[in-house]
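Asker:
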Amino acid sequence: MISVNIAGSYCLPPRPDIPMALDEMIYTVTSGALRDAGLGIGDVSGSFMAASDLYDGRAIATMTLTGSTGSFHKNEMRVCNDSLAALTLAAAEVAADAAQAVIVCTWSKLSDANRDAMAALGLEPVFTRGLNAHPDAVVALRRSSDLGRPTLVERTAVESADVAVALILTAPSPERRTRGTVIGLGAANGPYLRPGEPLLGPVTAAATAACKLAGRDVTDLRRARVAGLHAVDDDELARAVGVPRDVLARQSERWADLGYAAGLLAVHESLAAGEPGPALVLSAGGIGYENAHAALVEVA
Amino acid sequence: MSPQQPAVLGFGQTRYKTSRADVGTPELIFEAVSRALADADTELTEIDAVVFASAPEVFEGVYEPDRWCVEAFGGVGKPLIRVHTGGATGGSGPLAASRLIAAGLYETVLVVGLQRTSETADAQAVFTTIFDPVYEQDVQLNVITGIALVASRQMKYFGLTEDHMAWVSTKNFGNALRNPYAHLHREITEQEVKQSRSLAYPLRLLHTCPRSDGAAAVVMTSAEKARGKSHAAYVAGLGCAADVYRIGDRIHDDESDFAIPRAQAWAATEAYQEAGITDPRRELDVVEVYAPFANLEIAYYESLGLAPPGRGIDLVETGATAMDGDIPVVPSGGCMTTNPIGATGLIRFGEAAAQVMGRAGDHQVDGARLALATACGGIDQFYTAAVLAAQPA
Amino acid sequence: MTVPTTVPTRIPGEWHIPYQYTIGTFATAFFDALREQRILGCRCAQCGRVSVPPKSFCEYCFVPIDELVEVGDTGRIEAVTVVTAPFAGSPPVPYVVAYVRLAGATSSICNYVHGVDLGDLDRLPADIAIEAPVRAVFGDKREGRVTDFWFEPVRDRS
């Protein structure tokens, strides 16, 4: 069981180009989330973030961004996964009694980067990169294997998207504001580009694990919100998660690439949706959607 | 449910070299993980989650290399998180695993550290992109220049000389000869150190770390589960702290000096507090500090509270940090003889654990019961610290 | 069938990734001011720190900053080194790089130091010792980059 309070949440919603330097974007959401939580920087003891060196154009992206994430003189933890993984480590910090309050933050600024130049770099160099395949084609091949029929992939240009999100997690306390409570977490990683393995296997496994930790059944869910995974249609996803189609919510297809920020944005969207009750949030990153994470939030 | 104390069951590593041309990256990981599982007397099926520690993936040349290598560490179907905090990555890995265990989310966690610095022909070109792209594009710093700046203040204010630095280098190379996994196995003399190629005043080649390929792995679990195993080390204290990025902001003020890295002190203090250590110099038996440069090791003697501020050279002049001194520092040979960046902090952690388990072989410090491991990222910017103990709390 | 022992192969690959870093209004103001031979910092209203170059928020107080200030063109060296081994992106060696705290600033800024006799590389020249006075000197051609200026030792004029 786990029970960690979400005291505040703030985001700069996705736009093609946010006219701020990256550290300014991050500072905006971390300070905004603290304000939303009714807390100051002195109240938190750490900052847990999800960032990609590739997307940010810096090796050790978080090094120059330390101040904006609120990490000065505090614990700083950074993951290279969807931001639900940052949420996981932040929740663990609080649940382990190692912190009373922490920041969780993430961002993506594709308007500064060049997505086409980055797209295929996750393909391993020994057997696969020589094929010069585009990752969308790789996913389409996997889906074809799952569905037992040919699939079509059209290379449409992906609109750039800038986004930043931050949450404040605290130990449960009647004195703290509450937007929701993290009651379940789960994750699973599938094999790398292996045909014959169901594409959504990791998603199902992560969802199941999060519900199990919370002691809830997937039929209890008010909402199952999926971040990204735009190559997969609603029916497939609803089946994989085990929920009816009308419980499923998706992020806008316009923002096809939010980098690692997708998951935490989906949590923010769940908190802001005005739907109290258990909301499952899911993300799956990697070329074949193999790195899946899930968080179950009881929305206040 | 009250927090579980984390414990370490085993440590495995690859033989480090400039370039492990004999293996692909997944195979390198397989080597380290196999050894760790064997050392931990643990089956893959007992692993509940994996934390993967690797620093800029530009080195491996594959984005998200943990996904690619998943089968090499038995991660298929398991929760997988990758951490990356520059040089501190290998310290952040066990820190993340410790919290997952303490929170009761996962019982047994495998931590894997990796870096293949040899895959890219020009590692320095990668390093230059760690700096601020807004203000620092045109005045290129690199890691060596940054640490030379630290040395300039140590020399001006705290009595550091080339003799002190040469002693540290010689000590570490000598220690590495007793570590079969270390990258550099060479006898060197203080004279050779002082005559080695000049890089950035006062730093010379034999004051700095090599670039190594390699992987390491550590199996961690709860103290409760560790009780049933034949050997274990216990995490008695953890600390982590970040400083501001800009070197210009932390050169000196009323409370601190760039020559005595303060974030290292903050992280260590946090770990000492949790472990109940009030006099680290007397209470610690061995220190595996992440110090890739000779002058930095001396600075860290001060940050870690082993010597008063500005008096790190005393430990050199009395030989206190030698293998036969009263506070041996890096009996493994340390970063100066082995540095696969993302894995290096994990090696410090694994070595500290091995010391208190009495399993450090030829570089074992007799009777070691309490050890400190640290890791450092950026230019002395972020730090982790872990105290390992022979007994559970 | 056993794996033949031959020399293992290496497969080439390259990363070419262009970026266009958005720098924000404070950095833009700093670079514009360099063209006019002015060096700008910022002041945090809460703690009073004057940081050079400027930033739009104070990471100590965690508050926004809204004041730009001009700092002086003289200062003292706080950390220094003579680089003798070149690396990717470095100018030809040997060269001097130093952090200098300019008049009115509470932080130091890094730049090259020119006009130093680097004949003997086994010791640090006295005119670039820590605490030595230096002056910021601007070139004739300014492009709005940090290299529009550099430091030079202040010679004793007595």
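Going line by line, the protein sequences match chains A, B and C.
Numbering-wise, my numbering puts 249 at position 249 of the first sequence, and it's gapless, one number per residue.
In my numbering, each number is its position in the second sequence, counted from 1, plus 1000.
In my numbering, each number is its position in the third sequence, counted from 1, plus 2000.
All residues carry an ideal CB built from backbone N, CA and C; glycine is no exception.
(1) Can you tell me which of the three DSSP states Glu253(A) falls into?
(2) Along the region 1051-1073 of chain B, where does the CB come closer than 7 Å to a CB of chain C? Name the residues.
(3) By DSSP's criteria, Leu2040(C) is part of a beta bridge. Which residues make up the other side?
(4) Can you list, in chain order, the residues of its chain with a C-beta nearer than 8 Å to that of Gly2115(C)? Leave out the 5 residues immediately preceding and following it.
(5) Apply the 10 Å Cβ neighbour rule to Val2003(C) and answer buried if 16 or more other Cβ atoms are within range, or exposed otherwise.
(6) Considering only residues of the same chain and omitting the five flanking positions on each side of Val2146(C), which have a CB-CB separation below 7 Å?
(7) Closer than 8 Å is the cut-off here; do at least three beta carbon pairs connect the region 1326-1341 of chain B with the region 1164-1175 of chain B?
(8) For a minimum of 3 consecutive residues, which ranges assigned as the beta strand (DSSP E) are wholly contained in the region 12-41 of chain A?
(9) Please tell me whether Thr106(A) and Val44(A) are closer than 8 Å, where the distance is taken between their beta carbons.
(10) Using beta carbons (cut-off 8 Å, strictly below), is Leu1153(B) in contact with chain C?
(11) Considering only C-alpha positions, which residue in the set Ala1322(B), Met1323(B), Leu1296(B) and Gly1319(B) is nearest to Gly1310(B)?
(12) Does Glu76(A) get closer than 8 Å to chain B when you measure Cβ to Cβ?
(13) Using the beta-carbon count (16 or more within 10 Å), is Ala1165(B) buried or exposed?
(14) Check the Cβ of Ile2039(C) against every Cβ in chain B and list those closer than 8 Å, keeping chain order.
(15) Please classify Tyr2099(C): does DSSP put it in a helix, a strand, or coil?
(16) Output the distance between the C-alpha atoms of Asn1142(B) and Ala1393(B), rounded to the nearest integer angstrom.
(17) Under 8 Å between C-beta atoms, does Arg2145(C) make it to chain B?
(18) Give me the subset of the region 2113-2140 of chain C whose CB atoms are less than 9 Å from a CB atom of chain B, sorted by chain position.
(19) Can you tell me where the beta strand (DSSP E) holding Cys2061(C) begins and where it ends?
(20) Could you spell out the range, first to last residue, of the alpha helix (DSSP H) harbouring Asp1163(B)?
(21) Which same chain residues end up closer than 8 Å to Ser2090(C) when comparing Cβ atoms and leaving out the 5 residues on each side of it in sequence?
(22) Could you give the distance in angstroms between the alpha-carbon of Asp2117(C) and the alpha-carbon of Ile2128(C)?
(23) Per DSSP, which one or two residues make a beta bridge with Leu1009(B)?
(24) Mind checking the region 112-123 of chain A against chain C and listing, in chain order, the residues whose C-beta falls within less than 7 Å of any C-beta there?
(25) Say whether chain A places a C-beta atom closer than 8 Å to the C-beta of Gln2046(C).
(26) Residues in the same chain with beta-carbon distance under 8 Å from Arg1369(B), minus the five sequence neighbours each way, listed in chain order, please.
(27) Give the single residue among Leu12(A), Ala51(A), Ile2(A) and Arg15(A) whose Cα lies nearest to the Cα of Gly285(A).
(28) Show which residues of chain B have a CB atom less than 8 Å away from the CB atom of Glu290(A).
(29) With DSSP as the reference, label Val1070(B) as helix, strand or coil.
(30) For Gly84(A), which residues from the same chain have a beta carbon less than 6 Å from its beta carbon, with the 5 sequence-adjacent residues on both sides left out?
(31) Quick one: measure Cβ to Cβ for Cys1240(B) and Asn75(A), integer angstroms, because I've assumed they're closer than 8 Å.
(32) Taking the continuous beta strand (DSSP E) assigned at Ser283(A), which residues delimit it?
(33) Could you tell me the distance, in whole angstroms, from the CA atom of Ala1151(B) to the CA atom of Ile2077(C)?
(34) State the DSSP-derived secondary structure class of Asp43(A), mapped to helix, strand or coil.
(35) Can you find a C-beta in chain A that's less than 8 Å from the C-beta of Trp1167(B)?
(36) Going by Cα to Cα distance, which pick from Arg15(A), Glu290(A) and Ser31(A) is closest to Arg194(A)?
Answerer: Short version:
(1) Coil at Glu253(A), not helix or strand.
(2) Val1058 and Gly1061
(3) Glu2070(C)
(4) Glu2152 and Pro2153
(5) Exposed, since its Cβ has fewer than 16 Cβ neighbours within 10 Å.
(6) Around Val2146(C): Asn2111.
(7) In this structure the region 1326-1341 of chain B lies against the region 1164-1175 of chain B, because at least three pairs of beta carbons, one per stretch, are closer than 8 Å.
(8) none
(9) no
(10) The displayed chain sequence assigns Arg, not Leu, to residue 1153(B). Yes - at least one Cβ of chain C is within 8 Å of the one on Arg1153(B).
(11) Ranking Ala1322(B), Met1323(B), Leu1296(B) and Gly1319(B) by CA distance to the CA of Gly1310(B) puts Leu1296(B) first.
(12) yes
(13) For the record, residue 1165(B) in the displayed sequence is Met; it is not Ala. So Met1165(B) ends up on the buried side.
(14) Result: empty, since nearest Cβ-Cβ is about 12 Å, beyond 8 Å.
(15) Here Tyr2099(C) sits in strand by DSSP.
(16) 42 Å
(17) yes
(18) Leu2121, Asp2122, Arg2123, Leu2124, Ala2129, Ile2130 and Glu2131
(19) Note, Cys2061(C): premise wrong, no beta strand (DSSP E); not H, not E.
(20) Glu1162 to Ala1176
(21) Val2083
(22) 10 Å
(23) Under DSSP, Leu1009(B) forms no beta bridge with any residue.
(24) Taking 7 Å as the Cβ-Cβ cut-off against chain C, the residues of the region 112-123 of chain A that qualify are Asp112, Ala113, Asn114, Ala117, Met118 and Leu121.
(25) no
(26) Asp1285, Val1356, Ala1389, Ala1390 and Gln1391
(27) Ala51(A)
(28) Neighbours of Glu290(A) across chain B, judged by C-beta separation under 8 Å: Arg1067 and Val1070.
(29) Here Val1070(B) sits in helix by DSSP.
(30) Residue 84(A) is actually Leu in this sequence, not Gly. The answer, listed in chain order, is Gly263, Ser283, His293 and Ala295.
(31) 4 Å
(32) First-last of the beta strand (DSSP E) with Ser283(A): Gly277 to Gly285.
(33) Taking the straight line from one Cα to the other gives about 14 Å.
(34) helix
(35) no
(36) Selected option, being the one with the closest Cα: Glu290(A).
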